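> Numbering (my numbering), first residue to last: 6 to 365. Idealized CB from N, CA, C, for every residue including glycine. Source: prediction; values computed, not measured. Here it is, the structure in full.
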């Protein structure tokens with residue numbers, strides 16, 4: 006993110022479409038087909054990071070001796086289906102733990118990249134053991150996963166969290182359903198975007214069947230638009246109710262000339278401004294973008310700096326007990342009032358629905 010705020014994607018899909026999956030596939034192909042062409046491609050991957058200009062027309066016999074011995078050892082393990090030894094060596098004895106910067110210096114690889122490699126290795130090792138694969142099966146299946154020619158279990162294809170360090174969770178409105186967070190920022194939905202589908206999609210008002218109107222009749226455009234607005238309203242309801250303490254919404258005056266307002270501008274702008282003028286629950290703050298060319302160093306003050314209160318968050322402002330909501334069941338309230346006899350007679354007179362079902 007622009008301000009170097011630690012962030013991660015919540016349940017991000019596409020592990021097998023990642024850069025790491027492609028590099029691992031190239032390496033495994035070099036074990037399956039140990040010729041000069043595949044060797045050169047493997048040396049360019051994250052596992053060796055050999056500069057392209059030093060490879061040139063290198064043949065298998067031209068490769069340095071350490072590469073020969075390493076590839077021969079890996080091939081032996083692959084033939085023996087010793088997958089734990091193979092993947093452990095690939096992850097621990099290569100350059101995958103490090104990456105070069107623009108100056109050519111090595112640094113520890115990013116948490117995201119390392120997590121992807123270890124996750125892929127674990128998945129492939131498990132599947133190879135369960136299904137008794139040989140090396141060709143392993144390479145073939147990995148490539149089919151990468152190119153989406155076979156179905157992948159949804160959980161298997163998710164990016165694993167790279168660390169337990171608290172980070173901003175980035176997710177879609179669909180995924181956020183059922184979750185709650187202390188502070189929520191809603192983004193997107195400013196413009197509608199360009200529609201390129203050659204049909205109108207909607208539900209028939211009488212039968213409820215999904216209709217794809219290839220003729221694109223004007224009356225059906227309205228039906229499609231109404232359904233999309235209803236669906237968008239439900240999605241934004243989900244997003245707006247995820248916050249426990251604070252909810253931040255971008256407020257826009259409009260869209261550029263010729264643009265079509267998205268849900269956030271078209272449906273929420275006016276209600277937000279109305280709520281802000283009628284209740285203290287909402288407040289509108291002007292945007293204050295960062296205008297410097299570089300970030301301020303620690304201890305360096307800007308020209309328009311302001312004095313912040315000390316402490317920044319007084320203890321009395323951190324007490325949320327006044328916002329606490331207590332919920333009680335009907336039974337607990339009746340018991341507290343000592344009216345247990347009423348509860349029994351009510352239960353005797355009106356059987357529960359599940360009891361009626363069992364005795365029917």
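Is DSSP giving residue 95 helix, strand or coil here?
Correct three-state label for residue 95: helix.
> Could you work out which residue in 30, 44, 190 is closest to residue 149 when comparing CA atoms only?
With distances taken between Cα atoms, residue 149 lies closest to 30.
> Which residues share a DSSP beta bridge with residue 12?
173, per the DSSP bridge assignment.
> Can you tell me whether DSSP reads residue 116 as helix, strand or coil?
Residue 116: helix per DSSP, three-state reduction.
> Take residue 244 as the anchor and find which of 209, 103, 176 has the nearest alpha-carbon.
The shortest C-alpha separation from residue 244 is found at 176.
> Exposed or buried, residue 51, counting other C-beta atoms within 10 Å across all chains shown (16 or more means buried)?
By the neighbour-count rule (16 or more Cβ atoms within 10 Å), residue 51 is buried.
> Identify the continuous alpha helix (DSSP H) that holds residue 56 and give its terminal residues.
Run containing residue 56: none; DSSP gives neither H nor E here.
> Taking all protein chains shown into account, do 16 or more other C-beta atoms lie within 10 angstroms of the C-beta of residue 124, making it buried, or fewer, making it exposed?
Buried, since its Cβ has 16 or more Cβ neighbours within 10 Å.
> In terms of alpha-carbon separation, which member of 153, 90, 76, 226 lies closest to residue 34?
Among 153, 90, 76, 226, the Cα nearest to that of residue 34 belongs to 76.
> Per DSSP, what kind of secondary structure is residue 187 in: helix, strand or coil?
Strand at residue 187.
> Residue 347: buried (16+ other C-beta within 10 angstroms of its C-beta) or exposed?
The pLDDT assigned to residue 347 is 43, lower than 50, so where the model puts this residue is not dependable, and the model offers no usable value.
> Taking the Cβ atom as the reference point for each residue, do residue 99 and residue 53 lie within a distance shorter than 8 Å?
In contact: residue 99 and residue 53 (Cβ atoms closer than 8 Å).
> Pick out whichever of 102, 272, 86 has its Cα sitting closest to the Cα of residue 136.
Nearest C-alpha to residue 136: 86.
> I believe residue 82 touches residue 96 by the beta-carbon criterion, under 8 Å. Please report the beta-carbon distance rounded to the nearest angstrom.
That belief does not hold up - the Cβ atoms of residue 82 and residue 96 are roughly 13 Å apart, past 8 Å.
> Restricting to Cα atoms, I'd like to know which of 234, 204, 224 is closest to residue 217.
Closest by alpha carbon: 204.
> Roughly how many angstroms lie between the CA atoms of residue 154 and residue 122, to the nearest whole one?
Roughly 21 Å between the two C-alpha positions.
> Would you mind giving the Cβ-Cβ distance between residue 118 and residue 25, rounded to the nearest angstrom? I have them listed as a contact below 8 Å.
With 8 Å as the limit, residue 118 and residue 25 qualify as a contact, their Cβ atoms being about 6 Å apart.
> Given a cut-off of 8 Å, decide if residue 80 and residue 147 are closer than it, judged by their beta-carbon atoms.
Against a cut-off of 8 Å, the Cβ pair of residue 80 and residue 147 comes out as no contact.
> Nearest to residue 72 by alpha carbon, out of 32, 88, 58?
Measuring from the Cα of residue 72, the nearest candidate turns out to be 32.
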